[in-house]
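Presented below is the structure to which this report refers.
In UniProt numbering, the protein residues as written are 1 to 220.
Take a look at the structure:
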């Protein structure tokens, strides 16, 4: 999501929850409505959207308390610095912001003074149990665990570290590696699979789809 896209999304969410805010956010549109009985005669420009965001921050606090949730800041397009600068505009007594993101160095540096909860620290044990349970359901994995327990433990630890606490990523990757076990791959080959698996979910989906198509071609 771009900087402008985030601004428009925030405005849309605010108006969806409190439609009466439109007169505070867009006073010029109010004038159009009074003069022409047409509230949206022209599309909202980028400057109008930015002004509306500032109006939201300044004016809504008189009667409203705002809580902004943004999921997956690391997946937004554009500059992280610009997006975080927008969020910092909300820093006031009546506005709170909660952001989820992978721990990218750029984002971590920009938010180093903000309170944080590391999801991976809270879900590490659950992910370990899930991965171990899923692998133990595979006959091929149980055989490899008897042969090379240390390498098996290293593989599981590598999965957990790369997951960054994202359960969806874990489930997809675990199934992907189990497919390798079904094909008779050794632990070293599974580790190679894991090494080239992207951490980004969208890229992971694409890789899995590409691999599935290649396997389908080989089987025909």
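From the three backbone atoms N, C-alpha and C, an ideal C-beta is built for every residue, glycine too. Owing to the predicted nature of the structure, the values given are computational and were not obtained by experimental measurement.
Burial state of residue i (16 or more Cβ within 10 Å)
{"i": "residue 184", "result": "exposed"}
{"i": "residue 165", "result": "buried"}
{"i": "residue 223", "result": "No answer is possible for residue 223: the residues shown for the chain start at 1 and end at 220."}
{"i": "residue 10", "result": "buried"}
{"i": "residue 220", "result": "Interpretation of residue 220 is limited by its pLDDT of 47, a score under 50 that renders its predicted location unreliable; no figure is taken from the coordinates."}
{"i": "residue 14", "result": "buried"}
{"i": "residue 29", "result": "buried"}
{"i": "residue 173", "result": "buried"}
{"i": "residue 155", "result": "buried"}
For residue i, the first and last residue of its enclosing alpha helix (DSSP H)
{"i": "residue 152", "result": "149-163"}
{"i": "residue 53", "result": "46-59"}
{"i": "residue 3", "result": "3-17"}
{"i": "residue 20", "result": "Careful: residue 20 lies outside any alpha helix (DSSP H) and carries neither H nor E."}
Closest by C-alpha distance to residue i, when choosing among the options
{"i": "residue 201", "options": "188, 179, 162, 186", "result": "162"}
{"i": "residue 73", "options": "66, 172, 84", "result": "84"}
{"i": "residue 46", "options": "3, 16, 22, 18", "result": "3"}
{"i": "residue 55", "options": "174, 22, 69", "result": "22"}
{"i": "residue 157", "options": "181, 12, 120", "result": "120"}
{"i": "residue 153", "options": "211, 204, 173, 191", "result": "191"}
Residue j beta carbon less than 7 Å from that of residue i
{"i": "residue 66", "j": "residue 95", "result": "yes"}
{"i": "residue 144", "j": "residue 187", "result": "yes"}
{"i": "residue 59", "j": "residue 86", "result": "no"}
{"i": "residue 8", "j": "residue 49", "result": "yes"}
{"i": "residue 68", "j": "residue 97", "result": "yes"}
{"i": "residue 181", "j": "residue 125", "result": "no"}
{"i": "residue 138", "j": "residue 178", "result": "yes"}
Any non-hydrogen atom of the ligand ATP within 6 Å of residue i CB
{"i": "residue 178", "result": "With respect to the ligand ATP, the structure shown offers nothing to examine, as it has no ligands at all."}
Sheet register partners of residue i (DSSP bridge)
{"i": "residue 166", "result": "Paired residues: none, contrary to the question."}
{"i": "residue 139", "result": "Residue 139 is not bridged to any residue."}
{"i": "residue 99", "result": "70"}
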